[in-house]
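Enquirer:
Right, here's the structure in full:
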């Protein structure tokens, strides 16, 4: 199994509210990467915010957009596999 290279956790200010149930720990990701994520999804970040504030904002955004419908995913997977075997 391949391991990820993680970076030291970012300091968080008291104003940061990092979601408790987010499995991915965005506090271990480089600030530049978090900034790219925030730019990609047009997250509104405070100019005077800390790296911890940015981690919390990215984690909240990630958590709010992580709706997975297992039945739909499995159905699409099965259909994709069927199409591959029909082509061969």
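Residue numbers (my numbering): -19 to 68. Quick reminder that beta carbons are idealized off the backbone N, C-alpha and C, glycines included.
(1) To test your reading of the DSSP string, which unbroken alpha helix (DSSP H) runs of 4 or more residues are found completely within the segment 5 to 32?
(2) Can you tell me which of 22, 25, 26, 40 puts its alpha carbon nearest to the alpha carbon of residue 5?
(3) Applying the 10 Å Cβ sphere with the 16-neighbour rule, what's the burial state of residue 60?
(4) Alpha carbon to alpha carbon, how far is residue 63 from residue -3?
(5) Assuming residue 37 and residue 23 are in contact, meaning their beta carbons sit under 8 Å apart, how far apart are those beta carbons, in whole angstroms?
Expert: So, to answer that:
(1) 11 to 20
(2) 40
(3) exposed
(4) 45 Å
(5) 6 Å
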